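Engineer: In this text, residue positions in the sequence shown follow the UniProt record's numbering: the first is 1, and each later residue adds one.
Please find one structure pasted underneath; my questions will follow.
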Amino acid sequence: TLTLTPNPNPNANLNHNHNPKPYPNPNPGKQLKAMVAAEVEAEQNRQALLERHGWHESRRRRLERRFNQERREAGDAIARMGEDIELLMARILIQNGLTR
Numbered sequence: 001t002l003t004l005t006p007n008p009n010p011n012a013n014l015n016h017n018h019n020p021k022p023y024p025n026p027n028p029g030k031q032l033k034a035m036v037a038a039e040v041e042a043e044q045n046r047q048a049l050l051e052r053h054g055w056h057e058s059r060r061r062r063l064e065r066r067f068n069q070e071r072r073e074a075g076d077a078i079a080r081m082g083e084d085i086e087l088l089m090a091r092i093l094i095q096n097g098l099t100r
């Protein structure tokens with residue numbers, strides 16, 4: 001007699017030749033969270049440094065400039081991540097035969 005066993009993994013990819021190209025960033029959300037955390041930490045460090053150094057005017061300006069630059073760089077990186085996520089979503093939609 002022939003017994004049919006249910007497919008243990010119904011979501012398994014049955015077309016084994018289909019090998020989707022890996023995306024440049026496998027987990028953009030995780031990276032985005034890390035970058036936001038880095039920006040928050042930079043801001044906290046900035047506050048701590050300013051308080052520790054008693055707000056000496058010239059030193060404060062120098063520190064502010066450096067931290068603003070770091071913050072700008074983090075902001076740029078976060079913006080790039082957002083673009084990556086947009087591209088990723090578009091690619092998934094196209095792959096599924098949908099259009100926006």
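We treat Cβ as the ideally placed atom computed from N, Cα and C, and that holds for glycine.
Bear in mind that the values here come from a model prediction, so they are computed numbers and not experimental data.
Could you work out which residue in D84, Q47 and R61 is closest to Q31 when comparing CA atoms only?
Structural biologist: Taking the sequence shown and counting its residues from 1, the one referred to as residue 31 is at position 31. Cα-wise, what sits closest to Q31 is D84.
Engineer: Less than 8 Å between the beta carbons of M35 and M89, yes or no?
Structural biologist: In the sequence shown, residue 35 corresponds to position 35, counting from 1. In the sequence shown, residue 89 corresponds to position 89, counting from 1. Cβ distance not < 8 Å, so M35 and M89 don't count as in contact.
Engineer: Could you work out which residue in R62, E39 and A74 is closest to L50 when comparing CA atoms only?
Structural biologist: Within the sequence shown, residue 50 is the residue found at index 50, counting from 1. Per the Cα distances, R62.
Engineer: Just reading off the alpha helix (DSSP H) that N45 is part of, what are its end residues?
Structural biologist: On the sequence shown, residue 45 is found 45 positions in, with the first residue counted as 1. Segment P28 to R52, the alpha helix (DSSP H) holding N45.
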